[in-house]
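Asker: Residue numbers (the UniProt record's numbering): 1 to 433.
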Ligand SMILES: NC(=O)c1ccc[n+]([C@@H]2O[C@H](COP(=O)([O-])OP(=O)(O)OC[C@H]3O[C@@H](n4cnc5c(N)ncnc54)[C@H](O)[C@@H]3O)[C@@H](O)[C@H]2O)c1
C-alpha cells in the first residue's frame, strides 16, 4: 500500500515524545523487512523544543511500501522504536486468549515507569517468584527503584513465606518488550503470542499523570507486545476509555485501568474496563492479582466511573473539607478529630492531604474542575481551590514534603506520637450499651 507523506507524518507524530527536548529522525526502508539501522540513512529530521508536544514533520522522499524506524533522542537517552504499520481501526479486534498458567513463571510483568508507584507495584508482583521487568527512560529512577526493591523485597517475601522473582531494569524499550528480533505478525499486524514465550504477559504503565504521554506510550506497547499481553494503566484519575478515545491505540480490548492504592502497604486495587475490554481479561487478571496478595475490586464491565471507586469518594471528601476550611467553619485539627473518631481511622483528610502534598491536591482539584465544570458552582470549590493556592501552595506550605501544610510540622509530630499511643490503647466495649 502506498502511503502519502501526510499519512506518514501523522503516524510519526503519534510516536512523538511529549515535552522535553526531543530529536526525531525518520528512516525509510525500501523493503518489507526491517534492515539493520546502519544500512539506512535519514530522510528527514525534526527537533522539537521543550513542551512543544508531538509535531508533524514533512518528508522529502516519497513513502512507498516501507517500514519506518523513528530514532527518538529524549534528553540524554535514546530509544529506537520500530513501527510496522499504524493501528487499523477497521480491522476486527483479535479475540483475547489468556496466556497459559505455566508461561507466567517465565514471562515477566512489565512495569513502565520506576517512580513512586511503579517500584511498589513491581515489588509486589515479584514477591511470589514472578519475573518482573521495569522500564524507565531515566537511569536515575531505575537506580533508585533498584535500591528500594533490594531493601524491601527479601523482607517482604520473608514475611509472606514466598521466594522473590527476578527483577531486571532497562532503559531500552525493545529489551523491555522482548521484541529485539523480528517478531512474527498476523495479517492485522499483531505480534503472534507463540513466537514470544519470553515477552511480558502484562504491561502496567506507571507514568506521570499526562493523557498524551500515557496514550502514546501505551500505543507503542500495544504494537510491541504480543496480542495476549494485557495493557494496564495505573492512572489515579484518567480512564482508559479516555485514552482509547485519544486516537493512537488500535484495539482497546486488552486495555484496562488497574488502580493500585499505594502497595505494598495497601493491597487493594481497583479494576475498570476501557469500555471495550475483552470479557475474559478482567476475571483472569483479578485471579492473578489475588494470587499475588492483592484484593481487587472490579467495577462492572459496562460502567465507567471517573475516579473509579475510592478516588471518586476521596475527591468529594477533599473538596468539601477544603470548602469547610476556607469558609472558616472548622480548623484542620477539628475536621480530622471528627473523622478519626467516626471512622476509627488513624488519620483524617487534612493529615492525608498533607501527606499527598498540597500542590498535588491543588492540581488534581484543578483537573477535576476543568473536566466537571458543575462542581465549582455547587460546592464553592473554585473559591476553596483559590484559598488553598493563595494560603498554602504559593507560600510553599505543601505538607510533609516541605514541613508545614494544613498542619505545622510540630503539630504533625504531635499527631504522629498520638497515633502511636492510640495503637496500643485498650478499647473496652460492651455488647449491651
Ligand atoms: N502517588 C500516588 O499516590 C499514586 C497512587 C496510585 C496511582 N498513582 C498513579 O501512578 C502514576 C505514577 O505516579 P508516580 O507517583 O509513581 O509518578 P512518578 O513521577 O514518581 O514516576 C513516573 C516515572 O515515569 C518515568 N517516565 C516518564 N516518562 C517516561 C517515558 N516516556 N517512558 C518511561 N518512563 C517514563 C519517570 O522517569 C518516573 O520515574 C500516575 O498515573 C498516578 O496517578 C499514583
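In this text, a Cβ means the ideal position worked out from N, Cα and C, and glycines have one as well.
Rounded to whole angstroms, what is the Cα-Cα separation between residue 384 and residue 206?
Answerer: 30 Å
Asker: For residue 422, name the three-state secondary structure that DSSP assigns.
Answerer: Reduced to three states, the DSSP call for residue 422 is helix.
Asker: Output the residue ranges of the beta strand (DSSP E) runs that lie fully inside the stretch 259 to 289 and measure 3 residues or longer, sorted by chain position.
Answerer: 268 to 273
Asker: With DSSP as the reference, identify every bridge partner of residue 232, one or two as the case may be.
Answerer: Paired residues: 204 and 256.
Asker: Near residue 274, what residues of its chain come up, given a Cβ to Cβ distance below 6 Å and the 5 sequence neighbours on each side ignored?
Answerer: 240, 241, 244, 252, 255 and 256
Asker: Nearest to residue 341 by alpha carbon, out of 422, 269 and 405?
Answerer: It is 422 whose Cα lies nearest to the Cα of residue 341.
Asker: Can you check which of these residues, 230, 269 and 219, is closest to residue 246 by C-alpha distance?
Answerer: 219
Asker: Let me know the secondary structure DSSP gives residue 137 once reduced to three states.
Answerer: In this structure, residue 137 counts as coil in the three-state DSSP scheme.
Asker: Between residue 136 and ligand 1, is the CB less than 7 Å from at least one heavy atom?
Answerer: Distances taken from the Cβ of residue 136 to the heavy atoms of ligand 1 include one shorter than 7 Å.
Asker: Which of helix, strand or coil does DSSP assign to residue 356?
Answerer: In the three-state DSSP reduction, residue 356 falls in the helix class (H, G or I).
Asker: Does ligand 1 have a heavy atom nearer than 7 Å to the CB of residue 292?
Answerer: For ligand 1, not one heavy atom lies less than 7 Å from the Cβ of residue 292.
Asker: Run through the DSSP bridge pairs and tell me what residue 109 is partnered with.
Answerer: 132 and 202
Asker: Would you mind stating whether residue 463 and residue 228 have Cβ atoms separated by less than 8 Å?
Answerer: As shown, the chain starts at 1 and ends at 433. That puts residue 463 outside it, with no answer to give.
Asker: Using CA atoms only, rank isn't needed, just tell me which of 132, 144 and 151 is closest to residue 105.
Answerer: 132
Asker: Measure the alpha-carbon distance for residue 261 versus residue 198 and round it to whole angstroms.
Answerer: For residue 261 and residue 198, the distance between alpha carbons rounds to 29 Å.
Asker: My guess is that residue 249 and residue 222 are in contact by the Cβ rule of under 8 Å, so how many angstroms apart are they, rounded?
Answerer: 6 Å
Asker: Please report how far the alpha carbon of residue 309 lies from the alpha carbon of residue 388, in whole angstroms.
Answerer: 25 Å
Asker: Going by DSSP, what residues sit across from residue 296 in a beta bridge?
Answerer: 269
Asker: Quick one: what does DSSP say residue 408 is sitting in, helix, strand or coil?
Answerer: coil
Asker: Among 264, 362 and 333, which residue has its Cα nearest to the Cα of residue 393?
Answerer: 362
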